[in-house]
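J.:
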Amino acid sequence: MHVLVVGGAGYIGSVVAAHLLNAGHTVTVYDNLSRGHRAAIPSQACFVKGDIGDRAALDVLFQSFQFDAVVHLAAFIEAGESMQLPGKYFQNNVVNSHVLLDAMHQHGVKSLVFSSTAAVYASKNAPLQEDDPLGPSNVYGETKLMIEQMIRWYHDRCGLKYAILRYFNACGAMLEGGVSQNAVRGEAHQPETHLIPLTLQVPLGQRERILMFGDDYPTPDGTCVRDYVHIEDLAAAHILALEALDEHSTMTYNLGNGRGYSVQEVVNVARMVTGHPIPADVVARRPGDAPILVASSERVNDELGWQPKFPALEDIIASAWAWHQSHPNGYEDMT
Ligand SMILES: NC(=O)c1ccc[n+]([C@@H]2O[C@H](COP(=O)([O-])OP(=O)(O)OC[C@H]3O[C@@H](n4cnc5c(N)ncnc54)[C@H](O)[C@@H]3O)[C@@H](O)[C@H]2O)c1
52 MHVLVVGGAG YIGSVVAAHL LNAGHTVTVY DNLSRGHRAA IPSQACFVKG DIGDRAALDV
112 LFQSFQFDAV VHLAAFIEAG ESMQLPGKYF QNNVVNSHVL LDAMHQHGVK SLVFSSTAAV
172 YASKNAPLQE DDPLGPSNVY GETKLMIEQM IRWYHDRCGL KYAILRYFNA CGAMLEGGVS
232 QNAVRGEAHQ PETHLIPLTL QVPLGQRERI LMFGDDYPTP DGTCVRDYVH IEDLAAAHIL
292 ALEALDEHST MTYNLGNGRG YSVQEVVNVA RMVTGHPIPA DVVARRPGDA PILVASSERV
352 NDELGWQPKF PALEDIIASA WAWHQSHPNG YEDMT
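Mind the numbering: the sequence shown is residues 52 to 386 in this note's numbering, read in order.
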């Protein structure tokens with residue numbers, strides 16, 4: 052298959068592109084590099100720099116290549132910022148995604164894998180299933196839900212086949228090189244807002260302490276609980292979904308480990324993995340943080356046989372630690 056990976060210079064997209072290439076597919080990455088990194092794109096992929104909101108550029112792209120499918124990961128992803136700047140998120144995530152969907156339709160590309168999120172759900176004190184009530188607690192989650200709804204209408208009206216993948220907390224780094232196991236792709240968001248890389252900035256000497264936003268949530272230790280899923284497991288699910296699109300034309304799957312870890316537990320495991328005391332302060336809650344988001348991934352397991360290969364938080368954080376130690380400035384050292 053020739054797959055267009057939109058947002059393929061980003062954290063997850065670059066790993067998806069690498070896995071697609073490893074599985075024998077042809078890959079073109081389309082990314083405006085607003086958040087991504089040129090050096091993250093696998094060298095065997097073709098790269099076209101551009102914006103999904105630029106319809107003329109998309110027309111040229113779709114006229115230049117015959118894509119069998121699109122994997123759409125391009126978005127702004129910071130839940131906190133989306134509560135401060137909602138318009139920025141509605142514009143880039145919703146409006147620009149519609150430009151992409153319409154261009155796909157006009158150019159006859161009928162298969163889509165879309166990166167959605169746990170943030171579409173209302174918080175629940177048990178593993179979330181795909182049919183559980185939706186109820187984003189932040190604008191970012193709302194934008195993803197709106198895109199999901201557009202995709203369903205494009206299926207209904209225009210025959211688009213889709214796999215909506217609701218990732219829980221993506222984390223860890225991509226390791227390559229057999230026994231030596233070098234971390235070749237990892238988290239390098241600018242700005243970084245995710246717990247594991249922020250926590251690891253303390254032992255790296257880039258931050259004095261980690262802040263924990265609220266310890267009065269209705270959870271066992273009072274800090275928020277999330278489901279952490281390794282990016283290589285996420286990438287593997289994209290390959291399975293793409294290959295299943297002919298058989299199942301409307302898929303919606305959670306991708307998580309089914310086990311929640313609190314913020315406090317993540318910091319504790321990071322202390323163990325790095326051997327650093329990692330000082331932590333509890334500060335006020337942030338608007339838009341749901342107390343608990345944990346996935347049930349039974350559906351994708353039953354239908355596609357997907358199972359995480361790296362479910363242990365120690366292994367996830369160890370891979371992230373290997374990446375941050377070897378790339379303390381992210382991709383900057385590689386450009
Ligand atoms: N990181 C997570 O934990 C997580 C969890 C759930 C869902 N997701 C979703 O997964 C996707 C990828 O997340 P990520 O962590 O890799 O983010 P990222 O910021 O690293 O990657 C997003 C990529 O999209 C590109 N992009 C953004 N707007 C664009 C536009 N208008 N045109 C072209 N390119 C554009 C950026 O340059 C970047 O390379 C996002 O859609 C996000 O909502 C991520």
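For glycine and all other residues, C-beta sits at the position ideal for the given N, C-alpha and C.
Does the distance between the C-beta of Ile103 and the nearest non-hydrogen atom of ligand 1 fall short of 6 Å?
T.: Yes, the Cβ of Ile103 comes within 6 Å of a heavy atom of ligand 1.
J.: Which residue from Ala239, Gly131, Val145, Ala224 puts its Cα closest to that of Met197?
T.: Selected option, being the one with the closest Cα: Val145.
J.: Taking the beta strand (DSSP E) that Tyr312 belongs to, which residues open and close that run?
T.: That run of the beta strand (DSSP E) goes 311–313.
J.: Take every Cβ of the stretch 247–264, pair it with every Cβ of the stretch 289–302, and state whether three or more of those distances are shorter than 8 Å.
T.: At 8 Å Cβ cutoff, the stretches do not touch.
J.: Does the distance from the C-beta atom of Ile215 to that of Ser167 stay below 7 Å?
T.: Going by C-beta atoms, Ile215 is nearer than 7 Å to Ser167.
J.: Is DSSP giving Phe141 helix, strand or coil here?
T.: Phe141 falls in the helix class under three-state DSSP.
J.: Taking the C-alpha atoms as reference points, what is the distance between Gln135 and Thr244?
T.: If you take the alpha carbons of Gln135 and Thr244, they lie about 14 Å apart.
J.: Just how far apart, CA to CA, sit Ile270 and Pro242?
T.: Per the sequence presented here, residue 270 reads as Thr, with Ile not at that position. The straight-line gap from Cα to Cα measures roughly 28 Å.
J.: Check whether the Cβ of Leu84 sits closer than 6 Å to any heavy atom of ligand 1, and report yes or no.
T.: Yes.
J.: Could you tell me which residues DSSP pairs with Arg217 in its beta bridges?
T.: According to DSSP, which records beta bridges pairwise, Arg217 is partnered with Ser167, Asn305.
J.: Where does Lys212 fall in DSSP's three states?
T.: Strand.
J.: Does the Cβ-Cβ distance between Ala68 and Val57 come in under 7 Å?
T.: Not closer than 7 Å, so no.
J.: Touch check for the stretch 354–367 and the stretch 317–329: three-plus C-beta pairs under 8 Å?
T.: Segments in contact, yes.
J.: In three-state DSSP terms, what is Asn352?
T.: Helix at Asn352.
J.: Ser187 to Pro342, Cα distance in whole Å?
T.: One detail in the question is off: residue 187 reads as Pro in this sequence, not Ser. Taking the straight line joining both Cα atoms gives about 12 Å.
J.: CB-CB under 6 Å to Ala369, same chain, minus the five flanking residues each way: which ones, in chain order?
T.: Same-chain partners within the cutoff: Val324.
J.: From the DSSP output, read off the bridge partner residues of Val172.
T.: Position check: residue 172 holds Tyr in this sequence, whereas Val was assumed. Bridge partners of Tyr172: Leu185.
J.: Suppose the cutoff is 6 Å on Cβ atoms and the five residues either side in sequence are ignored; what does the same chain contact list for Phe219 look like?
T.: Only Ala169, Asp278, Val280, Gly307, Ala346 meet the Cβ criterion.
J.: Is any heavy atom in ligand 1 found nearer than 6 Å to the beta carbon of Thr168?
T.: At least one heavy atom of ligand 1 is nearer than 6 Å to the Cβ of Thr168, so yes.
J.: Below 8 Å on the Cβ atoms is my guess for Leu360 versus Asp284; work out the distance and round it to an integer in Å.
T.: In the sequence as displayed, the identity of residue 360 is Lys instead of Leu. About 6 Å separates the two Cβ atoms, so the contact holds.
J.: Evaluate Cys209 with the Cβ neighbour count: other Cβ atoms within 10 Å of its Cβ, from every protein chain shown; 16 or more gives buried, anything less gives exposed.
T.: Counting Cβ neighbours within 10 Å, Cys209 comes out exposed, since fewer than 16 surround it.
J.: If I measure Cβ to Cβ from Leu71 and keep anything under 6 Å in the same chain, skipping five residues before and after, which residues do I get?
T.: So the list reads Val54, Val78, once near-sequence residues are dropped.
J.: Rounded to whole angstroms, what's the CA-CA distance from Ala373 to Val314? Just pull it up for me.
T.: Between Ala373 and Val314, the C-alpha separation is close to 21 Å.
J.: Have a look at Met302, Val333, Leu293 and flag the residue whose alpha-carbon is nearest the alpha-carbon of Ile202.
T.: Nearest C-alpha to Ile202: Met302.
J.: Near Gln232, what residues of its chain come up, given a Cβ to Cβ distance below 8 Å and the 5 sequence neighbours on each side ignored?
T.: Answer for Gln232: Leu226, Ala373, listed in chain order.
J.: What residues match up with Val78 in a beta bridge as DSSP calls it?
T.: According to DSSP, Val78 bridges with Val54.
J.: Within the present structure, is the beta-carbon of Tyr218 separated from the nearest heavy atom of ligand 1 by less than 6 Å?
T.: Yes.
J.: Just reading off the alpha helix (DSSP H) that Asp284 is part of, what are its end residues?
T.: Unbroken alpha helix (DSSP H) run through Asp284: 282–295.
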